[in-house]
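These protein sequence lines are chains A and B, in that order. Its first residue numbered 1, the first sequence is counted upward by one per residue in the working numbering. Its first residue numbered 1001, the second sequence is counted upward by one per residue in the working numbering. Glycine residues also receive a C-beta, built at the ideal position from the N, C-alpha and C atoms. Structure, as structure tokens:
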Amino acid sequence: MPFTFTEENINKINTVVKKYPYKNAAVMPVLYIAQEQNGWISIEVMQEVARTLEMPEEDVLGVATFYTMYHKKPAGRHHVQVCTNVSCMLRGGFDVYKAVKDKLQITHGGVTGDGKYSLEEVECMGSCGTAPMIAVNEDFYENLTPAQALSIIDSLK
Amino acid sequence: MEKIVLPDIENFHNLDVYLANGGYTAVKKAYAQTTDDIIDQVKKSGLRGRGGAAFSTGLKWSFMPKSTDKPKYLCINGDESEPGSFKDRQIFEFNPHQLIEGILITCYAIQAKSAYLYIRGEYHKWVNLMQKALDDAYERGFVGEKMKETFGHNFTCEIYIHKGAGAYICGEESSLMNSIEGKRGYPRVKPPFPAQNGLWGNPTTINNVETITNIPPIINKGWEWFSAIGEPKHPGTILFGVSGHVNKPGVYELPSGTLLTDIINIHAGGVPGGKKIKCVIPGGSSMPPLRGENLEGVKMDADSLRAAGSAIGTGGIMVMAEDTDIVRVLSRLSKFYHHESCGQCTPCREGTGWMVKLLDRIVDGNASKKDVDLLLNVACNIEGNTICALGEAAAWPVKFTIQRFREEFEKYTADTASIDMPNKVHSMRKTVNPVAKVEV
Chain A
1 MPFTFTEENI
11 NKINTVVKKY
21 PYKNAAVMPV
31 LYIAQEQNGW
41 ISIEVMQEVA
51 RTLEMPEEDV
61 LGVATFYTMY
71 HKKPAGRHHV
81 QVCTNVSCML
91 RGGFDVYKAV
101 KDKLQITHGG
111 VTGDGKYSLE
121 EVECMGSCGT
131 APMIAVNEDF
141 YENLTPAQAL
151 SIIDSLK
Chain B
1001 MEKIVLPDIE
1011 NFHNLDVYLA
1021 NGGYTAVKKA
1031 YAQTTDDIID
1041 QVKKSGLRGR
1051 GGAAFSTGLK
1061 WSFMPKSTDK
1071 PKYLCINGDE
1081 SEPGSFKDRQ
1091 IFEFNPHQLI
1101 EGILITCYAI
1111 QAKSAYLYIR
1121 GEYHKWVNLM
1131 QKALDDAYER
1141 GFVGEKMKET
1151 FGHNFTCEIY
1161 IHKGAGAYIC
1171 GEESSLMNSI
1181 EGKRGYPRVK
1191 PPFPAQNGLW
1201 GNPTTINNVE
1211 TITNIPPIIN
1221 KGWEWFSAIG
1231 EPKHPGTILF
1241 GVSGHVNKPG
1251 VYELPSGTLL
1261 TDIINIHAGG
1271 VPGGKKIKCV
1281 IPGGSSMPPL
1291 RGENLEGVKM
1301 DADSLRAAGS
1311 AIGTGGIMVM
1321 AEDTDIVRVL
1331 SRLSKFYHHE
1341 SCGQCTPCRE
1351 GTGWMVKLLD
1361 RIVDGNASKK
1371 DVDLLLNVAC
1381 NIEGNTICAL
1391 GEAAAWPVKF
1401 TIQRFREEFE
1411 KYTADTASID
1421 MPNKVHSMRK
1431 TVNPVAKVEV
């Protein structure tokens, strides 16, 4: 699928490029803009980003694959992230993760058949003081029991 | 107790409230002095970096070259990905303007025209909160070109927020610079140090968010006031993030040198159910763990913790009660470091993977006692053999957990490994090379 930026996003890119003395430094924010528009970073998206920022395609590939928050395959509409690192683990992070896994019937990196949910077991999200936590797309839900985590997932449209 | 970084003032994040409480007066005071004076005051205050290494902030600033045609940069490290560390997030949310004011003063002291505030990608909400505060500051003329009129000084600087994208390694200063440059977050070989060759090859200083937030009060109230707080060799307050098995987890701002047991038992409300403490990691997951019976009298500052056999790190205190399975905790932590190793250096890339495999084998009950020594051996072969400190960060928890909690591993291991070996050579080296079970 060929990919081009919307006019609105081209304006956003023109603003963000001004933050850096070199155009190619804006690759991370531009990849975020692309991901917001396309949902994930496909090879075509990377090519378009490279063209826009006048940089080699392989450099964009390198950046996109290094950072875990760029989806290199389609994610669900609700990307559910469960932290199981130590602070969450000590307060029941694995119980939350198991409950979510059982409910969605997918494991780490999986997407439900209807494309509504995807699941990721993530590393520390910085919610250690309010553990355990899940994040759905950009929103944090903290201080959860497994039951509360499930009701949050139920409430997603 | 006076709070410096997170004062108990309602709506302090709001620019008007901040101004009503003396906000942005320290910048004016600082700009009336020479840059050398500012650096000197910060040196004398004894402020040490809050990002992990506890290096003297004033000294770090003084490394910046005075005469150079190159542009200078300031990077503020808010990557905060260390498990157990969640303090900078409080600053973005509750005290963003003091951070901005600190950036303005620091930029002046090192004569940097641009500052990049690096915030980890997962903190979407906090990036937005910080951006809002920054936009407000720009609008009122506290940042950017309008500074000239506001502060009556011809120094100006720009502040940009750079959002990370989920890489722990970008909290390492040279990796952070590569990330801002739009590259893979690979740490660089030092020397050259950032003060000579940093962002885009220009002189750069990198400071932690909490460190910078301490600057305005130091300028306003004087270094003498600051240096009198807490432990003389590591003065000021520290944001302690307490997590794990405590009744009231959260961030507590306390003077340095506060007793670790006081933080856990008084401020954080003690361990639920009155259980004993088995283990405490006092400075974020990379720091050596302490045994529960060795906590008496341990003070929370860099030198006291070093004497106690650990380190202050980011002040993230992880408390584990007596019924915690330390081996499983270590196994989870090792997976984290394996996941976050950038892959540049072989000892770290391969070693973290081996540690995960060995710990999995131990947790699965398939390991022999010799495997624990092998694990220790792998850890010791990572330490000191990598470009950046992630090698140590991965090796220390393993090394010190084995040294200090050896009996925990005894429960999981037998005298001989239970795995069948496919041939005689392997069976003679029972402790090495985990091989899949072979049907006979």
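Look at Ser1081 of chain B: its C-beta is under 9 angstroms from a C-beta on chain A. In this structure, the straight-line span from the alpha carbon of Ala34 of chain A to that of Val1398 of chain B is close to 40 angstroms. Residues of chain A whose Cβ lies closer than 9 angstroms to the Cβ of Tyr1138 of chain B do not exist, since the nearest Cβ in that chain is about 13 angstroms away. The continuous beta strand (DSSP E) containing His79 of chain A extends over residues 78 to 83.
When Cβ-Cβ separations below 9 angstroms define contact, Phe1336 of chain B makes contact with chain A. Of all C-beta pairs linking the region 1177 to 1191 of chain B to the region 126 to 138 of chain A, fewer than three are shorter than 8 angstroms, placing the two stretches out of contact. Contact note: Ser155 of chain A does not reach chain B at a C-beta cutoff of 8 angstroms; the least C-beta distance is about 19 angstroms. Within a 10 Å sphere around the beta-carbon of Ala1020 of chain B sit fewer than 16 other beta-carbons, which makes this residue exposed. The C-beta of Leu119 of chain A comes no closer than 9 angstroms to any C-beta of chain B. By the Cβ rule, the region 1404 to 1413 of chain B counts as touching the region 1359 to 1372 of chain B, because three or more pairs are nearer than 8 angstroms. Within chain B, the residues placing a beta-carbon under 7 angstroms from that of Phe66 of chain A are Ala1167, Arg1184, Gly1185, ordered along the chain. In the structure shown, Thr1205 of chain B adopts extended strand secondary structure according to DSSP, grouped into three states. Residue range 134 to 136 is occupied by the beta strand (DSSP E) that includes Ala135 of chain A, with no alpha helix (DSSP H) assigned at that position. Along the region 1051 to 1102 of chain B, the beta strand (DSSP E) occurs as fully enclosed runs of 3 or more residues at 1073 to 1078, listed in sequence order. Between the C-alpha atoms of Ala1379 of chain B and Glu1093 of chain B there is a straight-line separation of about 38 angstroms. Listed in chain order, the alpha helix (DSSP H) runs fully inside the region 87 to 154 of chain A are 93 to 104, counting runs of at least 4 residues. Between Cys1342 of chain B and Ala1167 of chain B, the CB-CB gap stays under 9 angstroms. Contact between Val1363 of chain B and Val1319 of chain B does not hold, since the beta-carbon distance rounds to 22 angstroms and is not under 8 angstroms.
Restricting attention to B:Trp1223, B:Lys1248, B:Glu1293, B:Gly1058, the CA atom closest to the CA of Asp1036 of chain B is found in B:Gly1058.
Residue-level contact check: Lys19 of chain A touches chain B, since one or more beta carbons of chain B fall below 9 angstroms from its beta carbon. Taking C-alpha positions only, Met55 of chain A is separated from Ser1285 of chain B by approximately 38 angstroms. Residues of chain A whose Cβ lies closer than 7 angstroms to the Cβ of His1245 of chain B are, in chain order, Leu90. Contact annotation, Val96 of chain A with Leu144 of chain A: C-beta distance approximately 6 angstroms; criterion of less than 8 angstroms satisfied.
Contact between Pro1235 of chain B and Gly1046 of chain B is confirmed by a C-beta separation of about 4 angstroms, below the 8 angstroms threshold. Taking 9 angstroms as the cut-off, the beta carbon of Gly1241 of chain B is found no closer than this to the beta carbon of Gly1182 of chain B. Within the model, the alpha-carbon separation for Ala50 of chain A versus Val1327 of chain B is close to 46 angstroms.
By the criterion of a C-beta distance shorter than 6 angstroms, Cys1345 of chain B is surrounded in its chain by Thr1386, Ile1387, once the five residues flanking it on both sides are discounted.
Setting aside the 5 residues that flank it on each side, Lys1275 of chain B is surrounded in the same chain by Ala1321, Glu1322, each with a C-beta closer than 6 angstroms to its C-beta; the list follows chain order. DSSP lists B:Gly1241 as the bridge partner or partners of Gly1316 of chain B. Residue burial annotation: Asp139 of chain A is exposed, with fewer than 16 other C-beta atoms found within 10 angstroms of its C-beta.
In the three-state DSSP reduction, Ala1228 of chain B falls in the coil class, being neither helix nor strand. Closer than 9 angstroms to the CB of Gly126 of chain A there is at least one CB belonging to chain B. In chain order, Gly76, Ser118 place their CB closer than 6 angstroms to the CB of Val111 of chain A, counting only its own chain and leaving out the 5 sequence neighbours on each side. With a cutoff of 9 angstroms on beta-carbon distance, His1097 of chain B and Leu1006 of chain B are scored as not near each other. The C-alpha of Ser1067 of chain B is placed about 50 angstroms away from the C-alpha of Ile1402 of chain B.
By the 16-neighbour rule on beta-carbons within 10 angstroms, Pro2 of chain A is exposed.
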